[in-house]
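Numbering (this note's numbering), first residue to last: 1376 to 1642.
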């Protein structure tokens, strides 16, 4: 679990500390996983990582770190281009695509590695902007059957810094949107709103090769991480990415699930 904003905005994501602390606690309390928290990218590799000085390879207290092959999933709450080497980038993609492991993206993980196109393909989307800043918006639940949506309902309100995705690589043919913003609950005339399709996903799942990817744009504020609905969503999303939670990936057009959700809400 990596909370590294050293290559991005240094002041905008103060909630990352509360986020990873909350995610670590949820894993231990539920027994679903044990998380290692890092604020650097050193362990994102299939190579060897050793300590320094006496702890270096061959030293009297040689200590080798647990790297990707030790873990079942990687979580990014990151921002900016990252300082991953080309070899580390290949290792991370292979970890998910070829090894069938999990990847979880939190909030600004979509505003990460703009210069690494395959990362955006793996994640399922790339951040465009957040035209409404932190605001209250209503939610349309598209996959009420998926475990991460337990406790969620169409019409409920969430206050967060809601993201808008770029036109590509985000595609409903590739990602299975679990929930999206109700476009009627936000001002579509706000400067910076670019999506004419009114599709603003809040959370999705997808397959990347053999692996599982879960992403949610929620989590900008401390208050968001104290919301039981957000906590439950991330717990179940992580559990699914680890391969221990049920639920198939079923990409669908917004018109199918979305219109049904709208109609259900209006009755």
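The beta carbon of each residue, even a glycine, is placed where N, CA and C say it ideally should be. Here the structure is a predicted model, which means the values were calculated and not measured.
Could you check how far apart the C-beta atoms of residue i and residue j are, in whole angstroms? I think they sit under 8 angstroms.
i	j	result
residue 1551	residue 1518	7 angstroms
residue 1537	residue 1507	6 angstroms
residue 1425	residue 1441	About 12 angstroms separates the two Cβ atoms, so there is no contact after all.
residue 1486	residue 1451	At roughly 11 angstroms, the Cβ-Cβ gap does not stay under 8 angstroms, so residue 1486 and residue 1451 are not in contact.
residue 1596	residue 1535	6 angstroms
Pick from the options: whose alpha carbon is nearest that of residue i?
i	options	result
residue 1463	1435, 1454, 1494	1494
residue 1548	1591, 1461, 1418, 1499	1499
residue 1523	1596, 1590, 1505	1590
residue 1473	1423, 1409, 1584, 1403	1584
residue 1419	1617, 1533, 1528, 1458	1458
residue 1556	1532, 1388, 1417	1532
residue 1586	1569, 1561, 1624	1624
residue 1396	1601, 1432, 1545	1601
residue 1558	1542, 1546, 1543, 1577	1577
residue 1512	1561, 1432, 1570	1561
residue 1565	1505, 1398, 1407	1505
residue 1447	1477, 1456, 1465, 1439	1477
residue 1423	1501, 1445, 1570	1445
From the DSSP output, which residues share a beta bridge with residue i?
i	result
residue 1581	1588
residue 1555	1515, 1576
residue 1536	1509
residue 1504	1539
residue 1378	1452
residue 1413	1377
residue 1487	1455
Is it the case that the Cβ atoms of residue i and residue j are separated by a distance below 9 angstroms?
i	j	result
residue 1488	residue 1421	no
residue 1575	residue 1540	yes
residue 1509	residue 1479	no
residue 1392	residue 1610	no
residue 1580	residue 1618	no
residue 1329	residue 1390	Because the chain here runs from 1376 to 1642, residue 1329 falls outside it and cannot be looked at.
residue 1414	residue 1381	yes
residue 1490	residue 1456	yes
residue 1542	residue 1570	yes
Could you name the residues of the same chain whose beta carbon sits closer than 7 angstroms to that of residue i, not counting the 5 residues immediately before and after it, in chain order?
i	result
residue 1411	1376
residue 1592	1482, 1485, 1537, 1538, 1577
residue 1427	none
residue 1620	1522, 1611, 1614
residue 1639	Below a pLDDT of 50, predicted positions are generally treated as unreliable, and residue 1639, at 43, falls in that range; the measurement from the model is reported next regardless. These residues qualify, in order along the chain: 1529.
Just to confirm my understanding: we take residue i, look at its own chain, exclude 5 residues before and 5 after, and list those with CB closer than 6 angstroms. What are they?
i	result
residue 1594	1394, 1481, 1482
residue 1680	Shown here, the chain extends from 1376 to 1642; a query on residue 1680 therefore has no answer.
residue 1384	1454
residue 1544	1495, 1496
residue 1634	For residue 1634, the predicted model reports a pLDDT of 44, less than 50, meaning its position is unreliable and no value from the coordinates is stated.
residue 1567	1504, 1506
residue 1407	1614
For residue i, which residues in the same chain have their Cβ closer than 8 angstroms to its Cβ, ignoring the five residues on either side in sequence?
i	result
residue 1527	1514, 1516, 1519, 1554, 1604, 1608
residue 1409	1402, 1403
residue 1400	none
residue 1588	1471, 1477, 1478, 1479, 1480, 1497, 1498, 1499, 1580, 1581, 1582, 1616
residue 1628	1547
Looking at chain D, is there any beta carbon in it that lies within less than 9 angstroms of the beta carbon of residue i?
i	result
residue 1498	This model lacks chain D altogether, as it is built from one protein chain only.
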